[in-house]
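Position 324 (the first sequence) corresponds to 324 in the UniProt record's numbering; numbering is contiguous.
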Amino acid sequence: MPDSYTLVRALSACSQLRDLGAGDWIHKYVVDIGMGRNGFVNTSLVDMYAKCGSMEKARALFEEMPEKDIVTWGAIIQGYAANGLPKEALEIFQRMQKQSLRPDCYVIVGVLSACARLGALQLGESASSMMDRNEFLSNPVMGTALVDMYAKCGKMVVAWEVFTDMKEKDIIIFNAVISGLAMTGHVKAAFSCFGLVQKCGLKPDGNTFLGLLCGCTHAGLVDDGRCYFYAMSHLYCLDPTIEHYGSMVDLLARAGLLDEAHRTILSMPMKANAIVWGALLGGCRLHRDTQLAEHVLKQLIELEPWNSGNYVLLSNIYSANQKWDESENIRSLMNKKGIQKVRGYSWIEIDGVVHEFLVGDTAHPMSENIYAKLMELTKELRAAGYVPTTEFVLFDIEEEEKEHFLGCHSEKLALAFGLISTKSNVVIRIVKNLRVCGDCHTAFKLISKITCREIIVRDTNRFHHFMDGSCSCRDYW
DNA sequence: GGGCCTGTGT
């Protein structure tokens with residue numbers, strides 16, 4: 001009969017292989033042989049389910065466990081954080097604290113990673129204060145989690161301080177700080193940091209170059225991007241992955257070099273995925289090339305037939321070109337397939353609580369006050385000469401909803417809530433799951449001026465730091 | 001002799 005040691009090792013193998021079938025089988029077996037109450041085995045099972053991406057099963061087992069120790073809590077928290085469910089990770093963490101359990105460094109790492117995704121600065125800071133600062137500075141994993149949390153929350157200066165104080169720096173923490181600098185617009189600093197990597201005798205890896213390319217993209221530095229892309233394979237013997245190609249396509253397409261971007265896709269040694277084509281589509285949008293966009297969208301519909309956005313955009317383009325029949329065909333194809341749209345949502349953290357908003361959301365307890373604030377803002381915006389823009393019609397999926405949800409995109413709701421819930425000198429931080437919409441971007445710039453507030457919005461790929469009527473992205477995103 | 005940790009393109 002296997003003992004608990006054997007079972008733990010076998011489950012660890014399942015975790016590493018992401019083999020849910022084998023893991024399930026062992027779970028049943030564990031119960032059959034009466035080992036279902038062993039803490040080590042149960043924690044291994046929780047971790048196995050988490051690693052296999054089945055958080056429902058991990059959670060069910062976790063809830064059944066009569067005795068959970070700190071490792072069990074760490075496994076479930078980390079599981080939620082790693083599976084893109086940061087809110088759940090924080091909820092479990094708060095439950096853990098109510099039981100007066102002291103977090104260990106594994107728990108803290110999971111919590112910081114969740115806070116980074118949510119942009120929850122206050123929670124991240126209070127979690128990190130539960131540990132001795134030296135723990136962060138001497139443990140590269142913890143240090144990296146902290147640096148990443150600060151960077152993703154827009155506190156790049158603090159992230160940098162932690163980074164410089166680290167006793168030992170490995171390539172992973174360098175990557176975290178390089179991509180942090182890139183995301184927050186400190187591109188030259190990211191480049192210098194790459195110099196430091198070599199000075200420290202470290203070997204850059206693929207992620208180092210992803211960070212650098214990402215920085216080039218945000219700053220529109222096409223030549224630098226081409227250089228790094230060339231250097232990575234020719235000087236550092238790293239094979240570019242599809243992620244690197246995607247980044248290059250993005251860089252070229254944003255800069256208006258649509259042809260070169262398209263040729264890059266066609267020359268890739270691997271089959272292009274939806275992300276790569278999506279980067280080219282973004283360029284078509286930015287530079288208003290509907291002809292190429294039509295071609296790209298056809299590729300995208302083939303690659304991801306369930307994605308509503310592609311159908312909507314293609315049908316918009318057909319309408320704009322008076323191809324009414326084709327436009328209608330696309331719409332009915334979409335209906336026939338029962339395709340649902342992805343909805344945009346935004347988060348804002350107020351006093352350690354993360355609030356979530358959907359487009360046109362009225363579920364929030366403060367909803368009435370939020371909409372009143374929005375009305376007030378809209379009036380002030382109009383007075384300041386703002387006209388809701390229809391310029392993005394062709395390329396904005398959310399456009400057709402705009403009439404019904406005038407001014408009610410999730411980021412605007414989060415902003416209105418932030419404005420009424422904080423003192424006038426507090427910086428407002430919002431996180432969005434999609435790109436910030438063009439109209440909201442214009443409105444936010446003006447709102448930052450009217451209200452004299454700093455507003456930081458992190459969308460899917462970059463920071464928008466609004467201050468005194470302008471944005472750090474210089475309208476290039 | 002055992003179980004939980006960081007970065008990563010749209």
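The beta-carbon is built from N, C-alpha and C at its ideal position, and this holds for glycine as well.
Since we're looking at a predicted model, the values are computed, not measured.
Of the residues assessed, A416 falls on the buried side of the cut-off, its CB having 16 or more other CB atoms within 10 angstroms. Taken atom to atom, the span from the alpha-carbon of K298 to that of K323 is near 15 Å. Per DSSP, reduced to three states, the secondary structure at W306 is coil, with no helix or strand assignment. Judged by pairs of C-beta atoms under 8 Å, the region 265–285 touches the region 243–254, as three or more such pairs exist.
DSSP places K57 in the uninterrupted alpha helix (DSSP H) bounded by M55 to E64. Per DSSP, reduced to three states, the secondary structure at C471 is strand.
Boundaries of the beta strand (DSSP E) harbouring S346: Y345 to I350, taken from the DSSP string.
Look at E356 here: in three-state DSSP terms it is strand. By the CB criterion at 8 Å, I76 and A50 fall inside the cutoff. In the DSSP assignment, V187 falls within the unbroken alpha helix (DSSP H) covering V187 to K199.
Counting C-beta pairs closer than 8 Å gives three or more between the region 339–354 and the region 115–125, which meets the contact rule. Put simply, the backbone Cα of G220 is about 35 Å away from that of S128.
In this structure, the beta-carbon distance from L202 to I178 does not fall below 8 Å. Residues of the same chain with a CB within less than 6 Å of the CB of G352, apart from the 5 flanking positions on each side, are Q122 and L123 in chain order. Boundaries of the beta strand (DSSP E) around V457: I455 to R458.
Taking R429 as the centre and dropping the five residues before and after it, the same chain places the C-beta of G119 and I456 closer than 6 Å to its C-beta, in chain order. No residue range can be given for I33, since it is assigned to no alpha helix (DSSP H) and is classified by DSSP as neither H nor E. 8 Å or more divides the Cβ of C214 from the Cβ of A176.
DSSP places I265 in the helix class (H, G or I) of the three-state scheme. Going by beta carbons, L446 and S410 fall outside the 8 Å limit. Per DSSP, the beta-bridge partners of V431 are W347 and R458.
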